[in-house]
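Chains as they are written, first to last, in this note's numbering: chain A, 1 to 393; chain B, 394 to 930.
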Amino acid sequence: MTVIRNGLSLAGLTAGPGQRWGALRLVPLLRDEPITDLRLHARLYDPDDPTLVAVGPRTAYVAYVPHAFVASWTPGGGPVAAYGTQLTDPADARLPGIGLHFRRRMARREEKNRLRFLPLHLAMEGYLALHVGGPSIAWQEWTRRAVTRGLSPRAEEAYTGAEITGLADALRVFEIHPNQCGMLLYAADALAAAFVVPHPDDYRALHPTLLLDLYGELVHHYAHLYPTVGEFSTRIDAGRVASVADLRAELVRTRAAWSAFQLEMAGGLLGMERLTSTLVYRMGRFALARFLPAFDPDRENHIGEAIVDNAGRLAYLKTFRLSAAQARRGHLLSQFAAHDWDLDATATALATDRRSLALRLDRAGFGHLLRPEVIDAARREARERGRRVRRNR
Amino acid sequence: MSRSDQIACEDVVMFVNAAITSTGQREFRADAAEQRMSLGFLHEYVLGNYRDLYAATLALEINHFNAALVVTNLLRTAHLASPAQRAVEGRLIAARLRFLPPQRVYRVIRELRRLGVNNRRTRAIIRDWVAGRPDLPFDAVKYRRSLSVAARHAHLALPGEVGTFLFDWRRARRYTTPILETWRRAHFDKQALFALPYTVAEGLAAHHGIDRGRLLAHNAASMTRGERLRLQESARRLDVDDIVTADLGRTPLTRLALYVLSLPRPERARRRAELTEALRTATRRAVGRQAGTWGSVVAVLDDSYSAAGSSVKRRRPLAVALAAHYLLEALATDYTGLWLTHRGDPLLVHPVGPTRLGERLLDGLERRPDRLVVVSDGWDNDPPGLAAEVLRVWFARLDPDRRTSVVHLNPVYDSDTFEVRRLAATVPTVGVRDAEDLAALVELARFATGTATFAELRRHLDDRVARFLADAAQSPADAGAVGTAAGTGAAGTVAEAGAAGTEVGAGAAVAQEPAPATPAGEATGAEAGVPSAGASR
Chain A
1 MTVIRNGLSL
11 AGLTAGPGQR
21 WGALRLVPLL
31 RDEPITDLRL
41 HARLYDPDDP
51 TLVAVGPRTA
61 YVAYVPHAFV
71 ASWTPGGGPV
81 AAYGTQLTDP
91 ADARLPGIGL
101 HFRRRMARRE
111 EKNRLRFLPL
121 HLAMEGYLAL
131 HVGGPSIAWQ
141 EWTRRAVTRG
151 LSPRAEEAYT
161 GAEITGLADA
171 LRVFEIHPNQ
181 CGMLLYAADA
191 LAAAFVVPHP
201 DDYRALHPTL
211 LLDLYGELVH
221 HYAHLYPTVG
231 EFSTRIDAGR
241 VASVADLRAE
251 LVRTRAAWSA
261 FQLEMAGGLL
271 GMERLTSTLV
281 YRMGRFALAR
291 FLPAFDPDRE
301 NHIGEAIVDN
311 AGRLAYLKTF
321 RLSAAQARRG
331 HLLSQFAAHD
341 WDLDATATAL
351 ATDRRSLALR
361 LDRAGFGHLL
371 RPEVIDAARR
381 EARERGRRVR
391 RNR
Chain B
394 MSRSDQIACE
404 DVVMFVNAAI
414 TSTGQREFRA
424 DAAEQRMSLG
434 FLHEYVLGNY
444 RDLYAATLAL
454 EINHFNAALV
464 VTNLLRTAHL
474 ASPAQRAVEG
484 RLIAARLRFL
494 PPQRVYRVIR
504 ELRRLGVNNR
514 RTRAIIRDWV
524 AGRPDLPFDA
534 VKYRRSLSVA
544 ARHAHLALPG
554 EVGTFLFDWR
564 RARRYTTPIL
574 ETWRRAHFDK
584 QALFALPYTV
594 AEGLAAHHGI
604 DRGRLLAHNA
614 ASMTRGERLR
624 LQESARRLDV
634 DDIVTADLGR
644 TPLTRLALYV
654 LSLPRPERAR
664 RRAELTEALR
674 TATRRAVGRQ
684 AGTWGSVVAV
694 LDDSYSAAGS
704 SVKRRRPLAV
714 ALAAHYLLEA
724 LATDYTGLWL
734 THRGDPLLVH
744 PVGPTRLGER
754 LLDGLERRPD
764 RLVVVSDGWD
774 NDPPGLAAEV
784 LRVWFARLDP
794 DRRTSVVHLN
804 PVYDSDTFEV
814 RRLAATVPTV
824 GVRDAEDLAA
834 LVELARFATG
844 TATFAELRRH
854 LDDRVARFLA
864 DAAQSPADAG
874 AVGTAAGTGA
884 AGTVAEAGAA
894 GTEVGAGAAV
904 AQEPAPATPA
914 GEATGAEAGV
924 PSAGASR
């Protein structure tokens, strides 16, 4: 079921001026009217133990999951307090071992009006599960294993926020706005992640959890390699100011221009078309959904999860920027799925030939799906062709 | 003004700003190592290029940490100075050491020992300073290790039993000097322990297994004012707060502001009348006769999250802003204080939110005051650079005659740029550590915009040096008297206080008009080690 229609929209949120720290730029998202009938709080787990989540029959998701979010909502629309302010027994706050608590689901109802879900892992699992079933028709090029077992095991790598150079400091020195309900994070001015919560108090509580989140390879490299990003300057046209009121009007105009500009920088996320969203859980007037991008290798690709209300207003959002290689993998798999895993048909659709496609599949890390003779033939052909080219030179 | 003069002027102002604000400790954004490295470079640079001016900064309101660093650096490189320079430096050093808290001076001596600086002049400086201590047996107890290092390093002949006490204390069966005898007895007698200075008793209390509450209750009489203030919350927790009382009215203004901000907000609200009264009393003392001389003043005070400071300088920027609020209120005839986000009683201010200076500056300028004072760390980030634009457009279009003079006071040293962060090129920015120095700093501000010439700056510094030395020549006798009278009743006080600086400071007493405001405040700081005598910083 499609929950997010026509792409993501930050309606109800305005962007404030960004604060930079080294290669990172943190842009606050402000909400004039906080959402009071849905609240989020974090639950921390032991970050050193891997977590196993059973996501389907005979399918498990294994990852290091340092924290979970708990969403509480009220059916009547009345405000609720954040659950995190309650005292809990320290004995059960420290949950031991491997996923005892998580055997069930990525998102699991805990009480009548409370849902626990694993942020970003929900989205990441959606990405990993993409066509994980493997070839739908047993063409002779695919191995028996690929046909019977699919892509399993399917793995991707991500970095925790603590490994992103300067992120800890950037989050520490960031001055949170009083009505802030979200944040756009840029590394070397490339959008790295977006985070939106329903209420400013939730944001204040969850701000440090950005350090526990997953970040893509691109973010890690950009933050590491770029020394510092430039500051955008503010300019007031002195010629248009003749009185104090004029100057005040100019200030309002400048602020609006900043806001528009900061959102423009997030165009790669907000402009994503052909999103595939799936409903994960419905809670009262809200719905938790995860989405996948169109996997266009030439554009930014963000996977993520969102909670939207029935009017389409965003209550919660968390995104993960796929690296170019991850986007390519997604692209390849979608193309194969679209053409029933027929090698020739897919090659035609991708405007290439059978041999190059086999090599592309190999380079993307899916070489083991093809029968060895198919892959070997493609490699040999490529080698000989390379030799011929060198000889002719 | 030639280019080189202009650069020299900027360099010196930059250094003074750094030396006022930075304490080599962690700030909100930079850590301690960055601060120290940046500051170390700046010291080397100014010492190498402008030695005279470097020495002259000892007469300004630079903080204790930097004063100690300047003294060390001057003594370390004395061989590079001409005899005339050495004479002036010697007088300045002797005078500055007398105004520094003793633990700072002992640290300088330890550092000199580490660096192997031990010439006749250095030894004379140490000897004269030690001779000028009001109560040497007290120092021997409280700064035992440090005094013995000083004595060994400078080959001091210590008077009376002090030498025996430091180097062979077990030999004497008993001491005739009361405090030394108390200390000896405190090793086996709990009652004697309670008469010792608090920090000394703290160490021995662990040895006797005395719990903290009992120690605080019994030692309250021998605590310095700084210790009393510092231990207020401990005393409250241990239920001895009726014994360990702090005299808030006599605490220096910024110190008091720090204490007020350390209290939780409900308590501040509960004790509002008491705290406000204390802040106003401290302000009255700091302002003195200057009260109501500044005309109409508007202050834009930064209470953004970065004003929270760091774990070692908790809420320092906010405390400076709060102290400046009360100080300007007293200095002005008509005053308005504008916080960035806080509204209502300034006592309840809390560091939160972004630094939205642009709009608040305009709110302030709109009132057309005679002076606009901005107290902020200068990280204008909502949006970046808007404050500079507001100021530029305001003076270009709405106030071309500059009827309002704007000064930016910055309590935070930015280690990356080697200076305090500026708000705008046209507005002078000066560093500030204690809001009490505000009036003197505003005087320095005119050198920060590049309009005043180098000759003027030199003249200003010479003037300050002369005033400082004249003041130093007068004060030691008083300081000694205060120390003796209010001390622990110790006999055998070294009575050479007046003769201090005879060798290095000979002929230093240039008669100048007395300037009681700032150096007097500094002088009280020198008595930090003596219980209840003078303010401690």
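Yeah, the Cβ is synthetic: ideal placement off N, Cα and C, and Gly gets one too. All values reported here derive from a predicted model rather than from experimental measurement.
Inclusion of A/A266 and A/G22 in the CB contact set at 8 Å is not warranted, their separation being larger than that value. Taking a beta-carbon distance threshold of 8 Å, B/G757 does not count as an interface residue toward chain A.
B/V786 has a beta carbon lying within less than 8 Å of a beta carbon in chain A.
Rounded to whole angstroms, B/A598 and B/V542 show a C-alpha spacing of 25 Å.
Distance between B/A866 and B/T592, taken at the CA atoms: about 31 Å. For the 8 Å CB-CB criterion, B/L791 and B/L715 do not form a contact. The beta carbon of B/I603 sits closer than 8 Å to those of K583 and L586, all from its chain and outside the five residues before and after it, given in chain order. Per DSSP, the unbroken beta strand (DSSP E) holding A/M183 starts and ends at Q180 to A187.
Residue pairing by DSSP places A/W142 opposite A/L370 in a beta bridge. Interface criterion met: the Cβ of B/Y698 is under 8 Å from a Cβ in chain A. Of the residues B/R537, B/L551 and B/A533, the one whose Cα lies closest to the Cα of B/D521 is B/L551. For the stretch 2 to 20 of chain A, the set of positions with a beta-carbon nearer than 7 Å to some beta-carbon of chain B reads G16, P17 and Q19 in chain order. A/L359 is the residue among A/L212, A/L359 and A/L314 whose C-alpha sits nearest the C-alpha of A/R383. The stretch 614 to 621 of chain B makes no contact with the stretch 670 to 686 of chain B, as fewer than three CB pairs between them are under 8 Å.
The beta-carbon of B/F811 is placed no less than 8 Å from the nearest beta-carbon of chain A.
Against chain A, the beta carbon of B/G746 has neighbours under 8 Å at E175, I176, H177 and P178, listed in chain order. Its chain contains L765 and V820 as the residues whose beta carbon lies nearer than 6 Å to that of B/V799, once the 5 sequence neighbours on both sides are disregarded; these appear in chain order. Excluding residues up to 5 positions away in sequence, A585, A588 and L589 lie with their Cβ nearer than 7 Å to the Cβ of B/T575 in the same chain. Scanning chain A for C-beta atoms nearer than 7 Å to the C-beta of B/D775 yields G16 and P17, reported in chain order.
For the pair B/P776 and B/G746, the Cα-to-Cα distance works out to about 13 Å.
Its chain contains D213, L214, K318 and F320 as the residues whose beta carbon lies nearer than 6 Å to that of A/L120, once the 5 sequence neighbours on both sides are disregarded; these appear in chain order. When the alpha-carbon of A/V374 is set against those of A/T143, A/T59 and A/D340, the nearest one is in A/T143. Spanning the alpha carbons of A/L24 and A/H339 requires a straight line of approximately 41 Å.
At least one beta carbon of chain A lies nearer than 8 Å to the beta carbon of B/L779. In this structure the stretch 465 to 474 of chain B does not touch the stretch 416 to 435 of chain B; the number of beta carbon pairs closer than 8 Å is below three.
The closest CA to that of A/R58, considering only A/L191, A/G268, A/G150 and A/Y316, is found on A/G150. Using a Cβ distance threshold of 8 Å, B/L741 and B/R860 do not count as a contacting pair.
For A/K112, the number of other beta carbons within 10 angstroms of its own is below 16, and it is reported as exposed. Nearest neighbour of A/P198 by Cα position, chosen from A/L29, A/A260, A/R108 and A/Y61, turns out to be A/L29. Of all residues in the stretch 209 to 232 of chain A, the ones placed with a Cβ closer than 8 Å to any Cβ belonging to chain B are E231 and F232, in chain order.
Every unbroken stretch of the alpha helix (DSSP H) spanning 4 or more residues and falling wholly within the stretch 554 to 608 of chain B is given here in chain order: 555 to 560, 571 to 578, 583 to 586 and 591 to 601. With a threshold of 8 Å between beta carbons, B/E403 makes no contact with chain A. Distances from the alpha-carbon of B/R503 to those of B/L540, B/A517 and B/H548 put B/L540 closest. Just measuring C-alpha positions, the residue of A/D201, A/L130 and A/W139 sitting nearest A/A294 is A/L130. With its beta carbon at least 8 Å from every one in chain A, B/F458 lies outside the interface.
DSSP places A/E273 in no beta strand (DSSP E); its state is neither H nor E.
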